[in-house]
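> In my numbering, the protein residues as written are 232 to 732.
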Amino acid sequence: MTEPVKRPSINPLNALRRPAVAGCLNKVNGWNNWQFTAGSAVLGLALAAGAVLAAGPWDSGQRKAEQQWAAARDRTGGAHHEPAPPAAPAPAPSAPAVLAALGTRADKAAPDVPDTPDGAAAALRTTLDKLLDSSALGTVRTAVVIDTATGKRLYGKGADTAMTPASTVKIATAVAALSALGPDHRIATTVQASPDSSTLTLVGGGDPTLDKAALRELAGGTVRALRDRGVDSVRLRYDTSRYSGPARHPIGPNENIAPVSALMLDEGRLDRTDRGPAPRSGDPARDAARTFAGLLKDAGIGTGSAPTPGRAAATSRPVAKHLSVPLSALVERALTNSDNDIAEALARQTALAAGEPADFDGGRRAVTARLKKLHLPLAGANLADGSGLNRKDKVTAGLLAGLLARAAEPGRPELRPVLTGLPVAGFTGTLSNRYTSTSRGTGLIRAKTGTLTGVNTLAGTVVDARGRLLAFAFLASGTTSPAEAQSALDALATSLAVRTR
232 MTEPVKRPSI
242 NPLNALRRPA
252 VAGCLNKVNG
262 WNNWQFTAGS
272 AVLGLALAAG
282 AVLAAGPWDS
292 GQRKAEQQWA
302 AARDRTGGAH
312 HEPAPPAAPA
322 PAPSAPAVLA
332 ALGTRADKAA
342 PDVPDTPDGA
352 AAALRTTLDK
362 LLDSSALGTV
372 RTAVVIDTAT
382 GKRLYGKGAD
392 TAMTPASTVK
402 IATAVAALSA
412 LGPDHRIATT
422 VQASPDSSTL
432 TLVGGGDPTL
442 DKAALRELAG
452 GTVRALRDRG
462 VDSVRLRYDT
472 SRYSGPARHP
482 IGPNENIAPV
492 SALMLDEGRL
502 DRTDRGPAPR
512 SGDPARDAAR
522 TFAGLLKDAG
532 IGTGSAPTPG
542 RAAATSRPVA
552 KHLSVPLSAL
562 VERALTNSDN
572 DIAEALARQT
582 ALAAGEPADF
592 DGGRRAVTAR
602 LKKLHLPLAG
612 ANLADGSGLN
622 RKDKVTAGLL
632 AGLLARAAEP
642 GRPELRPVLT
652 GLPVAGFTGT
662 LSNRYTSTSR
672 GTGLIRAKTG
682 TLTGVNTLAG
692 TVVDARGRLL
702 AFAFLASGTT
712 SPAEAQSALD
722 ALATSLAVRT
732 R
C-alpha cells in the first residue's frame with residue numbers, strides 16, 4: 232500500500248482560509264491560522280524558535296525577511312532572487328540564534344536516553360516509552376526528539392536503527408534540493424528553433440508541474456518568433472535528454488507516480504486532479520509534445536506529422552521559455568501533498584546540480600553527498616529514490632529529526648520551506664483527516680506522513696508546553712493496521728505538544 236494521499240490545498244495554508252475550517256477555528260477558542268501554525272498563542276508562551284516563522288509577508292513559502300537576509304548573506308541566490316533593500320529586516324528568533332552542530336551533539340551516536348535526566352526529561356521519557364510500547368506500532372519502532380534551539384536530543388529510542396521511511400524520505404530530498412539549488416531556483420522548459428526555423432524542439436527541463444497554460448504561453452512566444460520570419464509550417468521534436476536512466480520507478484506502473492521524464496504535462500495525469508493517485512500516461516513527454524503541437528496549430532502554425540523525439544541541433548536558437556514556480560513552492564507542494572512526481576524531480580535536479588546523471592542512482596548519490604555536507608548522521612542511510620516509494624530506502628529517526636532541526640536553524644533560511652511545507656494537523660495535506668477539531672494536537676503539529684504496507688512513519692515539528700520548538704521522528708515497521716498505527720503515531724506527536732511543564 233502506498234501513501235494514502237488525499238486532496239488538500241496546494242498551498243499549505245489555503246485550507247485555513249476555507250469557511251469550514253474557519254468554523255473549526257472558532258471552536259478552538261477563536262484561534263487564527265497564525266496561532267495554529269506557530270502554536271505559541273495557544274499555549275500562552277513565546278515561540279522558542281522564531282526561526283520557523285520569522286515576521287514578514289509570505290513569498291513562495293518563504294518569509295520576505297528570510298529571503299532578504301539570505302540574499303544579504305549570499306547563501307542562496309539565482310537569476311530570480313530579488314535584491315534586499317538597504318533596511319531589510321533580519322530574522323528575529325526568540326531563542327538563541329545558535330543550533331549546536333548536529334554532528335557533535337544531537338545526531339552523534341548516543342545512548343537512547345537524554346543527556347540530562349532532570350524531572351522534565353524523565354517525564355518525557357516516561358510518556359514516550361509508554362506510547363511507543365503500543366502494539367499498533369508493529370514489531371520495530373524508533374523515535375528521536377530534538378530541541379531545535381539547542382540541538383540537544385531530548386529523547387531517543389533506536390535512534391540509529393535504519394528503517395524504511397516511506398514518504399518521510401521526502402524531507403531528505405527537499406533539504407538536499409534546497410541546499411543545492413536555493414529556494415528561488417526555477418526549472419526552465421524551452422523551445423528551440425533550427426537556423427532556418429523549419430524545425431522546432433520542445434526541450435524539457437524537468438518541471439513536473441508544467442501545464443497547458445504554460446504550453447500555451449510557450450506556443451504564443453514561438454508563433455510570434457516564427458511569424459517574424461514568415462514561417463507557418465514546422466517539424467516538431469521533443470527532447471527529454473536532460474534526464475537519463477530508466478523512466479519507470481522500480482514499483483512499476485502505478486497511479487501514485489508517472490514515468491519520470493524531463494518533459495511532462497500535469498505530472499502525466501490523465502484526469503483533472505492535481506494531487507493524489509490518478510491514472511497516468513505511459514509516455515508523458517509524447518503527450519506534452521502533442522498538446523503543444525495542437526496549440527501551435529490553433530495559432531496558425533502547422534506541424535505536419537506527429538512530434539518525434541530528438542535533440543535540438545547545436546546551432547538552434549531559443550525562441551520561447553517558461554519557468555516553473557520557485558523551488559520553495561515545489562518543495563512545499565511535494566511535502567504537503569506527498570507528491571511523488573515532484574519529489575523525484577527534486578532528486579534529479581539535485582543530481583544535475585552535482586554533475587551527476589539525472590537518474591535514480593545519480594539522485595541517490597547527489598542527495599546523500601549534499602546531506603553529508605550538512606553534517607547530518609548518514610550511517611545506515613540509503614536514499615534509493617526521492618519519493619519514498621522504494622522499500623530499499625533506509626533512514627534513521629536521528630537523521631529525520633536532524634534534517635528538521637537543520638531546517639529550523641536561524642542561519643539557514645533557505646531550508647525553511649521544508650518546515651512551512653509540512654502538513655498542518657487537522658487542516659492540510661496528508662494530515663487533514665487525521666486530527667479532528669477536538670483533538671489536542673489539531674493545528675499544533677506539522678508533520679510529514681509515511682505509509683507503505685507494514686510501514687508507518689511521522690516526522691515533523693511541534694511547540695511544547697515550555698515554548699520549545701521540537702523536531703521529532705517516529706518510525707514503525709511490521710504494522711498490521713494502518714489506521715491504528717497512524718493513531719498511535721499521532722498520539723506520540725500530540726504528547727509533545729500538551730505535556731505539562
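Idealized CB from N, CA, C, for every residue including glycine.
#1: Just to confirm before moving on: does the CB-CB distance between Ala576 and Gly389 stay below 8 Å?
#2: Give the C-beta separation of Val454 and Gly525 to the nearest angstrom, bearing in mind that I take them to be a contact with Cβ-Cβ under 8 Å.
#3: Could you tell me whether the segment 529-543 touches the segment 388-407, where touching means 3 or more Cβ pairs closer than 8 Å?
#4: Tell me where the beta strand (DSSP E) around Arg466 begins and ends.
#5: Evaluate the contact criterion for the segment 501-516 versus the segment 481-491: three or more CB pairs, one atom per stretch, below 8 Å.
#6: Tell me which residues share the same chain as Ser464 and place their Cβ nearer than 6 Å to its Cβ, disregarding the 5 neighbours each side in the sequence.
#7: Can you tell me the Cα-Cα spacing of Ala582 and Thr421, whole angstroms?
#8: Mapping DSSP to helix, strand and coil, what is Ser410?
#9: Residue range of the alpha helix (DSSP H) that Arg735 falls in?
#10: Here's a check: name, in chain order, each residue in its chain whose Cβ is nearer than 6 Å to the Cβ of Pro426, leaving out the five neighbours to either side.
#11: For Ala722, tell me which candidate among Val649, Phe705 and Leu614 has the shortest Cα-Cα distance.
#12: Go through its chain and collect everything with a Cβ distance to Arg671's Cβ below 6 Å, but skip five positions before and after it.
#13: Any idea if Gly674 is buried or exposed, counting beta-carbon neighbours within 10 angstroms, 16 or more meaning buried?
#14: Apart from the five residues on each side of it in sequence, which residues of its chain come closer than 6 Å, Cβ to Cβ, to Thr432?
#15: What runs of the alpha helix (DSSP H), each 4 residues or longer, lie entirely inside the segment 550-615?
#16: I think Asn571 touches Ser618, with their Cβ atoms under 8 Å apart; what is that distance to the nearest whole Å?
#17: Taking the alpha helix (DSSP H) that Lys361 falls in, what are its first and last residues?
#18: Specify, as a first and last residue, the run of the beta strand (DSSP E) that Leu620 falls within.
#19: If we ignore side chains and look at the alpha-carbon of each, how far apart do Asp616 and Ala578 end up?
#20: Would the segment 548-559 and the segment 472-482 be scored as touching if the rule is three or more Cβ pairs under 8 Å?
#21: Is Ile488 helix, strand or coil by DSSP?
#22: Start and end of the beta strand (DSSP E) containing Thr420?
#23: Among Lys603, Ala678 and Ser718, which has the Cα closest to the Cα of Leu700?
#24: Just the Cα atoms here: how many angstroms apart are Glu587 and Gly629?
#25: From the DSSP output, read off the bridge partner residues of Asn687.
#26: For Arg622 and Leu683, which I take to be in contact (beta-carbon distance under 8 Å), what is that distance rounded to the nearest angstrom?
Concretely, from the data shown:
#1: Sequence index remark: in the sequence shown, residue 576 carries index 345 (1-based). Sequence index remark: in the sequence shown, residue 389 carries index 158 (1-based). Contact: no.
#2: The sequence position of residue 454 within the sequence shown is 223, counting from 1. The sequence position of residue 525 within the sequence shown is 294, counting from 1. About 13 Å; that fails the 8 Å criterion.
#3: no
#4: In the sequence shown, the residue the question calls residue 466 occupies position 235. Taken as a continuous stretch (DSSP letters only), the beta strand (DSSP E) holding Arg466 covers Arg466 to Asp470.
#5: yes
#6: One-based indexing of the sequence shown puts residue 464 at position 233. Correct list, in chain order: Gly533.
#7: Along the sequence shown, read from residue 1 onward, the residue named residue 582 stands at position 351. Along the sequence shown, read from residue 1 onward, the residue named residue 421 stands at position 190. Going from the Cα of Ala582 to the Cα of Thr421 covers about 20 Å.
#8: The residue labelled residue 410 in the question sits at position 179 within the sequence shown. In this structure, Ser410 counts as helix in the three-state DSSP scheme.
#9: Examination of residue 735 is not possible in this model, given that the chain is present from 232 through 732 alone.
#10: Reading the sequence shown from its first residue, position 195 is the one you call residue 426. Excluding positions up to five away in sequence, the list reads Thr546.
#11: For the purposes of this step, residue 722 is taken as residue 491 along the sequence shown, with counting starting at 1. Of the listed residues, the one whose Cα sits closest to Ala722 is Phe705.
#12: Position 440 of the sequence shown, counted from the first residue, corresponds to residue 671. Once the five neighbours on either side are set aside, the close Cβ partners of Arg671 are Thr725 and Val729.
#13: In the sequence shown, residue 674 corresponds to position 443, counting from 1. Looking at its Cβ environment, which holds 16 or more other Cβ atoms inside 10 Å, Gly674 is buried.
#14: Numbered from 1 along the sequence shown, position 201 holds the residue referred to as residue 432. Only Gln423, Arg468, Asp470 and Ala543 meet the Cβ criterion.
#15: 558-567, 571-584 and 591-604
#16: Taking the sequence shown and counting its residues from 1, one reaches residue 571 at position 340. Taking the sequence shown and counting its residues from 1, one reaches residue 618 at position 387. At roughly 4 Å, the Cβ-Cβ gap stays under 8 Å, so Asn571 and Ser618 are in contact.
#17: As a first step, residue 361 is located in the sequence shown; it is residue number 130 there, counting from the start. Here the alpha helix (DSSP H) through Lys361 covers Gly350 to Leu363.
#18: Position 389 of the sequence shown, counting from 1, holds the residue named residue 620. Note, Leu620: premise wrong, no beta strand (DSSP E); not H, not E.
#19: Position 385 of the sequence shown, counted from the first residue, corresponds to residue 616. Position 347 of the sequence shown, counted from the first residue, corresponds to residue 578. If you take the alpha carbons of Asp616 and Ala578, they lie about 8 Å apart.
#20: no
#21: As a first step, residue 488 must be located in the sequence shown, where it is residue number 257. Note: Ile488 maps to strand in three-state DSSP.
#22: Stepping through the sequence shown from its first residue, residue 420 is reached at position 189. Ala419 to Ala424 is the span of the beta strand (DSSP E), which, as asked, contains Thr420.
#23: Working through the sequence shown from its first residue, we reach residue 700 at position 469. Considering only alpha carbons, the answer is Ala678.
#24: For this step, residue 587 is matched to residue 356 along the sequence shown. For this step, residue 629 is matched to residue 398 along the sequence shown. One C-alpha to the other measures close to 27 Å.
#25: As a first step, residue 687 must be located in the sequence shown, where it is residue number 456. According to DSSP, Asn687 bridges with Thr682 and Ala707.
#26: Here residue 622 refers to the residue found at position 391 of the sequence shown. Here residue 683 refers to the residue found at position 452 of the sequence shown. Contact flag correct, Cβ pair sits at about 7 Å.
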